[in-house]
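Chains as they are written, first to last, in my numbering: chain A, 1 to 187; chain B, 188 to 374.
2 protein chains.
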Amino acid sequence: MMKINIEANTYVYPNPVTLVGTEVEGRANFMALGWVSRVNAKPPLVGIGVNRLHFTAKGIQETKTFSINYPSADMIEVSDYCGIVSGKKVDKSNVLEFFYGYLKTAPMMTESTLCMECKLVDTIELPSNHFFIGEIIAAYTEEKYLTDGKPDIKKMNPLLLTMPDNRYWTVGEYAGKAWSIGKKLKK
Amino acid sequence: MMKINIEANTYVYPNPVTLVGTEVEGRANFMALGWVSRVNAKPPLVGIGVNRLHFTAKGIQETKTFSINYPSADMIEVSDYCGIVSGKKVDKSNVLEFFYGYLKTAPMMTESTLCMECKLVDTIELPSNHFFIGEIIAAYTEEKYLTDGKPDIKKMNPLLLTMPDNRYWTVGEYAGKAWSIGKKLKK
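Here is the structure:
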């Protein structure tokens with residue numbers, strides 16, 4: 001075996017790219033975030049790891065709500081901008097279009113392909129980050145991103161992120177049917 | 188705006204495909220898992236959402252250790268097999284090659300492109316799932332998967348998963364430099 005031991009600070013390959021919407025100090029803000037995962041099936045819960053120094057962390061703690069928005073690859077510049085510029089210094093609500101659903105403090109980005117509005121249900125305190133767990137109470141998309149009523153990743157054309165090389169990627173080819181293609185290995 | 192409200196049980200686009208290694212009832216087991224994210228920067232913590240009925244959940248609770256392994260797209264059949272067949276019924280340690288690092292109860296899959304061995308540091312109890320938080324204590328790869336000493340996703344060629352359409356995907360084209368391409372939008 002040719003395995004080599006690399007540093008423990010390794011990452012997930014790849015992270016999805018999302019934009020987290022919050023209302024902070026009375027204005028809408030969006031932050032780029034890759035540390036996101038579903039964490040529970042029923043009810044639908046999603047978790048996000050947010051550095052405790054981020055403006056977004058303050059907003060989630062204040063309003064107990066947030067949104068998760070998927071940019072298309074066409075939105076690469078604005079998505080990266082949301083990751084570079086802090087809402088502490090720049091009022092991003094002036095340059096981005098957003099809308100609201102049921103929650104009046106979880107702005108969602110209009111241009112995004114899929115938006116989920118979330119109600120905070122738990123906060124796990126970790127050494128450098130908060131891990132916020134939210135219940136998805138509604139999700140919004142457009143007909144053009146659906147196939148058979150389900151979001152279609154090739155139509156959404158989202159971005160992926162790898163760290164620590166800090167590169168964005170698109171989604172490639174269809175590779176196979178899940179919970180199916182492995183059946184041939186069953187005895 | 189043409190937004191439509193779809194069901195709240197929406198997913199992350201896309202999930203990375205991983206295989207979680209555990210030792211359960213004295214034998215190595217691997218389960219396919221897409222609900223994974225880094226959750227903390229320093230120390231490097233990773234979280235996984237595991238249904239409490241899974242054999243893997245039992246192993247993590249017993250040994251307080253687990254591993255996260257990235258299959259290449261060439262491993263699509265064996266990865267899916269690990270998601271279809273429960274270790275409760277089939278001893279997968281007979282059909283998979285694995286090795287150990289520092290922890291003697293966190294088997295890692297030899298064929299995987301990148302393996303992380305993790306020590307359990309916290310368990311969050313959610314309605315249908317455990318959310319296990321592990322500290323990555325070491326990571327293993329092979330020289331052929333590195334570029335400039337960092338894992339290179341195009342060399343690793345991992346799998347992505349979308350739900351609820353249950354389809355696997357590969358990673359596509361390089362799209363741009365993170366924390367850089369958005370600078371042109373700064374005033």
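Every residue, glycine too, gets a C-beta built ideally from N, C-alpha and C. These numbers come from a predicted model, not from an experiment.
- P127(A) belongs to the set of residues whose beta carbon lies under 7 Å from a beta carbon in chain B.
- DSSP places M31(A) in no alpha helix (DSSP H) but in the uninterrupted beta strand (DSSP E) bounded by 27-33.
- Here the alpha carbon of F285(B) sits roughly 11 Å from the alpha carbon of T209(B).
- With respect to the 7 Å criterion, S315(B) and Y257(B) are not classified as neighbours on the basis of their beta carbons.
- In the three-state DSSP reduction, E97(A) falls in the coil class, being neither helix nor strand.
- With a threshold of 16 other beta carbon atoms within 10 Å, Y361(B) falls short and is exposed.
- Interface criterion met: the Cβ of D80(A) is under 7 Å from a Cβ in chain B.
- DSSP, read as helix, strand or coil, puts A73(A) in helix.
- Of the residues assessed, I340(B) falls on the buried side of the cut-off, its CB having 16 or more other CB atoms within 10 angstroms.
- For the region 35-49 of chain A, the set of residues with a beta-carbon nearer than 9 Å to any beta-carbon of chain B comprises W35, V36, S37, R38, V39, N40, A41, K42, P43, P44, L45, V46, G47, I48, G49, in chain order.
- The C-beta of I263(B) comes closer than 7 Å to at least one C-beta of chain A.
- Classified as buried, Y198(B) has 16 or more neighbouring CB atoms from the shown chains inside 10 Å of its CB.
- Collapsing the DSSP output to three states places V78(A) in a helix.
- If you compare the alpha carbons of T123(A), Y13(A), I48(A) with that of M31(A), the shortest gap goes to I48(A).
- Within the region 78-151 of chain A, complete beta strand (DSSP E) segments of at least 3 residues are found at 114-125, 129-141, given in chain order.
- Taking CB atoms only, V20(A) has no neighbour in chain B less than 7 Å away.
- Assigned with DSSP and collapsed to three states, A57(A) falls in helix.
- From the listed residues G369(B), R239(B), G270(B), K229(B), the smallest Cα separation to V207(B) is found for G270(B).
- Put simply, the CB of Y289(B) is far from chain A, with every gap to its CB atoms at 7 Å or more.
- M343, P345, L346, L347, L348, T349, P351, D352, N353: these are the residues of the region 342-353 of chain B whose beta carbon lies less than 7 Å from some beta carbon of chain A, given in chain order.
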